[in-house]
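*Asks:*
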Amino acid sequence: MKNVYLETILLIERLHRQFLEVVKAELDRLGIEDINNVQSLILSHVGEEELTVGELTYRGYYLGSNVSYNVKKMVENGYLIQERSTHDRRTVRVRVSEKGLDICKRITTLYERHIGQLENGPIDVTTLEAVNNTLKRLERFWAHDLAYGPRSMPEAVAGAA
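If you count the sequence shown from 1, position 122 lands on 154 in my numbering, and the numbers rise without skipping.
Written out as structure tokens, the structure reads:
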């Protein structure tokens, strides 16, 4: 179990870094230089919604300081529009600009290209569903450990997705 668990952690870390490199390569291929891979994924998470930085941090599982820095850079480069809430002046909301929506469309195109390649190739939908279910269970395991500490895990938390 130990070796398999540690390999899983390494794979998750490596896949995350590799996916960021895939996004960076796509931005480079398109000649887009004023936004980085992480920022383009943040735009994708916002999409057509209007969110606070806190909501963005929670939904995207980004570190708060990184989101704040990236939001600032995207506002400066015209990818995000930042406005104070009309209901609560302490709250700042962000939404994607037209320039940002273009990046979202390009990331969606990248995803669609990958989906087409996967459908005709190395990984079928059943395999991906099984991987996703396993990763969701691992996510619940870690979330439970964070919330309640290292003690026995109820079957409902560890069980199937």
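Just so it is clear, CB atoms sit at the ideal spot from N, CA and C, and this is done for glycine as well.
Note that the structure is a prediction, hence the values are computed from the model and not measured.
1) Would residue 139 and residue 127 be called neighbours here (beta carbons separated by less than 8 Å)?
2) Measure the alpha-carbon distance for residue 73 versus residue 103 and round it to whole angstroms.
3) Less than 8 Å between the beta carbons of residue 67 and residue 98, yes or no?
4) From this set, 63, 157, 80, 154, which residue's C-alpha is nearest residue 129's C-alpha?
5) Return the Cβ separation of residue 135 and residue 111 in integer angstroms, given the expectation that the two are a contact with Cβ distance under 8 Å.
6) Going along the chain, which unbroken runs of the alpha helix (DSSP H) with 4 or more residues stay wholly within the region 90 to 163?
7) Could you tell me the boundaries of the beta strand (DSSP E) in which residue 83 lies?
8) So, using beta-carbon positions, are residue 85 and residue 124 closer together than 8 Å?
9) Pick helix, strand or coil for residue 183, following the three-state DSSP scheme.
10) With 16 other CB atoms within 10 Å as the buried threshold, where does residue 117 fall?
*Replies:* Taking the geometry as given:
1) Taking 8 Å as the Cβ cut-off, residue 139 and residue 127 do not qualify as a contacting pair.
2) Looking at the backbone, the Cα of residue 73 and that of residue 103 are separated by about 12 Å.
3) Residue 67 is not a Cβ neighbour of residue 98, given a cutoff of 8 Å.
4) Looking from the CA of residue 129, the closest CA among 63, 157, 80, 154 belongs to 80.
5) Rounded to the nearest angstrom, the Cβ distance from residue 135 to residue 111 is 6 Å, consistent with a contact under 8 Å.
6) Runs found: 96 to 108, 130 to 151.
7) 82 to 84 is the extent of the beta strand (DSSP E) around residue 83.
8) Contact: yes.
9) Here residue 183 sits in coil by DSSP.
10) Residue 117 sits exposed, since fewer than 16 C-beta atoms from the chains shown fall within 10 Å of its C-beta.
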